[in-house]
Each structure stands twice: as structure tokens, then as C-alpha cells.
Amino acid sequence: MSEPDEILDCRGQRCPLPVINLARRVPALPAGTVVRVLADDPAAAVDIPAWCRMRRHEFLAAHPAAGPAYDVRV
Amino acid sequence: MSASPVYLDAATAAPLHPVARQAMLAALEDGWADPARLYAPARRARQLLDAAREAAAQTLGVRADELSFTPSGTTAAHAAVLGGLVGRRRAGTTLAHSAIEHSAVLHAAQRHMAAGGDAVSVPVDRLGRLDLDAWAAAVAAPGVALAALIGASHEVGTVQPVPAAAELCAEAGVPLYVDAAQLVGRAPLPAGWSVLTASAHKWGGPPGVGLLVVRKGTRWESPYPADERESGRTPGVVNLPAVVAAAASLRAAAADAATEAARLTPLVDRIRARVAAEVPDVEVVGDPVDRLPHLVTFSCLYVDGEALLHALDRRGFAVSSGSSCTSSTVRPSHVLAAMGVLSHGNVRVSLHRDITEADVERFLAELPGIVADLRAQAGVTGL
Chain A
4 MSEPDEILDC RGQRCPLPVI NLARRVPALP AGTVVRVLAD DPAAAVDIPA WCRMRRHEFL
64 AAHPAAGPAY DVRV
Chain B
1088 MSASPVYLDA ATAAPLHPVA RQAMLAALED GWADPARLYA PARRARQLLD AAREAAAQTL
1148 GVRADELSFT PSGTTAAHAA VLGGLVGRRR AGTTLAHSAI EHSAVLHAAQ RHMAAGGDAV
1208 SVPVDRLGRL DLDAWAAAVA APGVALAALI GASHEVGTVQ PVPAAAELCA EAGVPLYVDA
1268 AQLVGRAPLP AGWSVLTASA HKWGGPPGVG LLVVRKGTRW ESPYPADERE SGRTPGVVNL
1328 PAVVAAAASL RAAAADAATE AARLTPLVDR IRARVAAEVP DVEVVGDPVD RLPHLVTFSC
1388 LYVDGEALLH ALDRRGFAVS SGSSCTSSTV RPSHVLAAMG VLSHGNVRVS LHRDITEADV
1448 ERFLAELPGI VADLRAQAGV TGL
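Here the protein sequences come in this chain order: A and B.
28 is the number that our numbering gives to position 25 of the first sequence; each next residue is one higher, with no gaps.
1421 is the number that our numbering gives to position 334 of the second sequence; each next residue is one higher, with no gaps.
Next up, the structure:
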């Protein structure tokens, strides 16, 4: 998997905190930045792609074995 | 301020129908004996049981000897899956099922897999509709013993294409089990199934009664130790007063179903439209057209599902949720996950015969403020 521009560590956070923290981080980032969210709450696997769809960001990939991790292009 | 409570969780358990209460009280007087014995009180109990079976079968449009009463909807679902697999073990060991089955069906599938069997999960689209191409491939694969499809989603209300799915099963020679828990007593039953289950407390009957219907000619074998009750399909003496109440309330609910559907469908349309318009950052999920008349689900971005349920409860609204923080596991609802829709801040509203337009209006008037308060408390407003 290619290296992201930013890593957001949300491990240990319960839903909906990983999505909230991703939403808080994004406004400070230049368009096109790739953020990797590390989140071990199983709901993140559903909610991060859903958030990308609702907020029109690009969900790139899920890496279930690494974190788990979710890559998002803002 | 304490307005009267509004119960909006009929999909879990509908309030007891008045007919059920009357029937149960009468049957407590007259139906306490074991219907299998050979003396006068037993014969009275047998008559009550036979009449209940006849009434329930007639309401569903099946033969009385095809219908068994079970101790719950869950046990009926377990028996449908495991008995359908046992009965067809010579054809294969695979269960094909939709990704949005009730957990009772999925737990039976897990038991089957733990015993060496296989299961194939067929996906749904964003609206929760079965992928019929994937279904066709799954049921036509070699070694499929049984297919299981929920008639309509208990979590998001989407009605499934049972007739089309049943045709594909028939072409493949695979019997179809339909979990009709949310349809029976509310909507017409689809055609084409071989095994069907339902649960009395979903239509206003008492808890503790399920229905298991096995059509004539279906290869189905009881997965339980031998017992002669209920045509050998489910063991143990039935709870006769509850069964009598279930059958009486089923007939009453089915008689009113078309009228109730015509009354509740526009109320659900109103909830769908107003929630989407008046609560910011909300996803109203499920098929807006091919859906159950009484059920609607939505998810509120950045809101904790458990906090939302408690806030609604404090204002007198009883709803349920598919968010992970509201369940005993940490996993979000497998139905919302299969659809790929937001799983946190999730609310399921399900209406019933006692719900009025005024109740729905009060819910719609209070919901936006409740969500806004929770977002303000969590510091997520405007994110």
C-alpha cells in the first residue's frame, strides 16, 4: 500500500469518534491530501466510506490487516 | 413537561391487540390441559388448538397441516434453516442467504457452518435490495441445499423481490425459506416459498409464539430430538392460551392490514421527507417505494446512537437502533453495513395501529431539536 500524506490515529475510539476526528482534521488540509485513518472500531469500516460519500471526499481503500486503516483523499 | 409516551418500536414488538387479550383470557380458563390427552379437558384444549391452527392457516392461505406453532419467531427461524438443510443433506451442504437476514437466521447459519456446512451470503444494493444476479449464481451453484431470503427488511423496511428470487430457486431446484416476520399481519405474502416463518408479537399477538409453515412436498426434517407435537416439527407442549391469542389477533390484524397500510404508508412518507428536510446531515435509508408500510430508518451524522435513544426516551419516544453502541456487540448492524450506509446515530421508527398522526407530528417537531442539542453537547455542530 502506498504512503499517505497524513496519518490520523483513532485507535481505541468508539463510534462515531473516528469520523468526527476525521471531519475535524480535514478543513486544515489542502485539497488532494491523502489521509490514512487508523481505527479499530468495527463501525469505522462502514462509517468512513459513508462519510466520504456524504461529504464528497474520495474513499480510496480499506486495509483491514493494518490498523485497520482507511485511506481517504480530501 | 411530560407528554404521553409514544411507542415507535412495533417492529420489535407491537402492543398487544385487544382481541389477543380477550382470546388469551378465555383460553386460560378453557385451554390449560394437554391437548394430546384423552379426557374432556384435553379435548377442549385440542379443539382450541385445532381452531387456532385452522384460523392461522386460513389467514396465511396455507393448509392447516402445513403450519406449526413454535415457542418464538426465533425458534421458528432456527427450525426453518436447520430443518431445511437437514432435509436436503443429500443434495448438498450449502445455505445461500441474503446479507440482510435476521440474526436468528445468521446464527442458525453459523451453527450449520460449525457442524461442517457452508453458507454463501448474497449482497444487497444501497437501498437494501437483493442483488438478483448474484442470487441467481448463488442458488444455481452445486451443493446448495436451501436458500433463505427475508421477505422485507426488519431494519430498513425494504421489501425483497421474493417472487423473482423464488423463480430462480425453482429453476435451480432449491427450496426457498422466507422470513416473513415483518409481513405477516401487515402485507400480502409473496408467492413461491417452501418454508415460511413469522412471530406473533410483531402483529400484536403475545410474545412467545412463532409460526413455522412447511409446504407439502418440501424436503424438511426436524433438527430436534424426536417429539410428536406439532406434526413433529417443534418439540414440547405449546403455550395454548398464547397460541389462541396469536391466531385471533392474526386474523384481526390481517383483516385490517390493507386499511392500516393505507393509513401508515403516508405517515412514513411524511417522516422520510421531513427528517431529510429538517435534520441536517441525515441519511434516510431503505427503499422509498418498495418498502414496508410501517417502518423507516435514518442515521444522523456525528451523533452517538445510544445517546440519541436515551434523549428520545427522556422525551417519551421509544425507538430502536442499528448502531453498534446500542447492541451487545461492538459491531454495527450487519444490514446497514451490507447496504454501505452510515451506521452511527441510527434510529428505526416503526408504527402500529395505536399511533396517530398527532404522535408522528410530535416526534417530527421534537427530533430536530434533540439531534441539534446532542451535536452541540458533542461539539460537532457545523463539522
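Beta carbons are placed, not taken as given, at the ideal position from N, Cα and C, and that holds for glycine.
Note that this is a predicted model, so its numbers are computed, not measured.
message: Give me, in chain order, the residues of the same chain whose beta-carbon lies closer than 7 Å to that of D50 (chain A); leave out the 5 immediate sequence neighbours on both sides.
response: Same-chain partners within the cutoff: C18, P19 and V22.
field: First and last residue of the uninterrupted beta strand (DSSP E) at L1182 (chain B)
entry: T1181 to S1185
- prompt: Since V1173 (chain B) contacts L1182 (chain B) with CB under 8 Å, what's their CB separation in whole angstroms?
  reply: Contact doesn't hold; Cβ gap of about 11 Å is too wide.
- request: May I ask you to list the residues that DSSP assigns as paired with N24 (chain A)?
  value: Looking at the DSSP assignment, N24 (chain A) forms no beta bridge with any residue, so it has no partner.
task: List the residues that DSSP assigns as beta-bridge partners of H1326 (chain B).
output: Residue identity check: residue 1326 (chain B) is Asn in the sequence provided, not His. Paired residue(s): none; N1326 (chain B) is not in a bridge.
- prompt: Should the region 1459–1470 of chain B be regarded as contacting the region 1390–1402 of chain B, the criterion being three or more beta carbon pairs within less than 8 Å?
  reply: yes
The region 1407–1438 of chain B: positions lying closer than 8 Å to chain A by Cβ: Taking a C-beta cut-off of 8 Å against chain A, the contacting residues of the region 1407–1438 of chain B are S1410, S1411, C1412, V1417, R1418, P1419, L1423, A1424, G1427, V1428, L1429, S1430, H1431 and G1432, listed in chain order.
- prompt: Should the region 1318–1333 of chain B be called in touch with the region 1144–1164 of chain B, which here means at least 3 C-beta pairs below 8 Å?
  reply: yes
field: Beta-bridge partners of H66 (chain A), as assigned by DSSP
entry: A:A72
field: CB-CB length for H1421 (chain B) against A1097 (chain B), believed under 8 Å
entry: Rounded, the Cβ-Cβ distance is 22 Å, inconsistent with contact.
- prompt: Which residues, taken in chain order from the region 1154–1188 of chain B, show a beta carbon closer than 7 Å to some beta carbon of chain A?
  reply: With the criterion set as a beta carbon lying under 7 Å from some beta carbon of chain A, the region 1154–1188 of chain B has no members that meet it.
message: Between B:L1270, B:A1278, B:A1223 and B:Q1269, which has its C-alpha nearest E1258 (chain B)'s C-alpha?
response: When each option's Cα is compared against that of E1258 (chain B), the closest is B:A1223.
- request: Mind checking which residues open and close the alpha helix (DSSP H) that includes L1423 (chain B)?
  value: H1421 to M1426
message: Could you compute how far the alpha carbon of L1454 (chain B) sits from the alpha carbon of T1384 (chain B)?
response: 14 Å
query: Name the chain B residues whose beta carbon is nearer than 8 Å to that of V77 (chain A)?
result: The contacting residues do not exist; V77 (chain A) stays about 14 Å from chain B at best.
message: By the three-class DSSP mapping on this structure, what secondary structure does E80 (chain A) have?
response: Residue 80 (chain A) lies beyond the stretch modelled for chain A, which goes from 4 to 77, so this question has no answer here.
field: C-alpha gap between A1090 (chain B) and V1447 (chain B), whole angstroms
entry: 13 Å
- request: Pick helix, strand or coil for S1408 (chain B), following the three-state DSSP scheme.
  value: Reduced to three states, the DSSP call for S1408 (chain B) is coil.
query: Nearest-angstrom Cα distance between P1250 (chain B) and A1341 (chain B)?
result: 21 Å
- prompt: Would you call the region 1205–1223 of chain B and the region 1343–1353 of chain B in contact, with 3 or more CB pairs under 8 Å?
  reply: Short answer: they don't touch.
- request: Give a yes or no on whether 8 Å exceeds the smallest Cβ distance from E1258 (chain B) to chain A.
  value: The beta-carbon of E1258 (chain B) is placed no less than 8 Å from the nearest beta-carbon of chain A.
- prompt: Are the C-beta atoms of L1382 (chain B) and some chain A residue less than 8 Å apart?
  reply: no
query: When the Cα atoms are used, what is the spatial distance from G1392 (chain B) to D1121 (chain B)?
result: Approximately 46 Å, taken between the alpha carbons.
- request: Starting from the C-beta of A1101 (chain B), find all residues in its chain whose C-beta is less than 7 Å away, skip the five residues before and the five after it, and write them out in chain order.
  value: H1288, K1289, W1290, G1291 and H1439
For P1419 (chain B), the nearest candidate out of B:V1406, B:A1405 and B:V1434 (CA to CA): B:V1434
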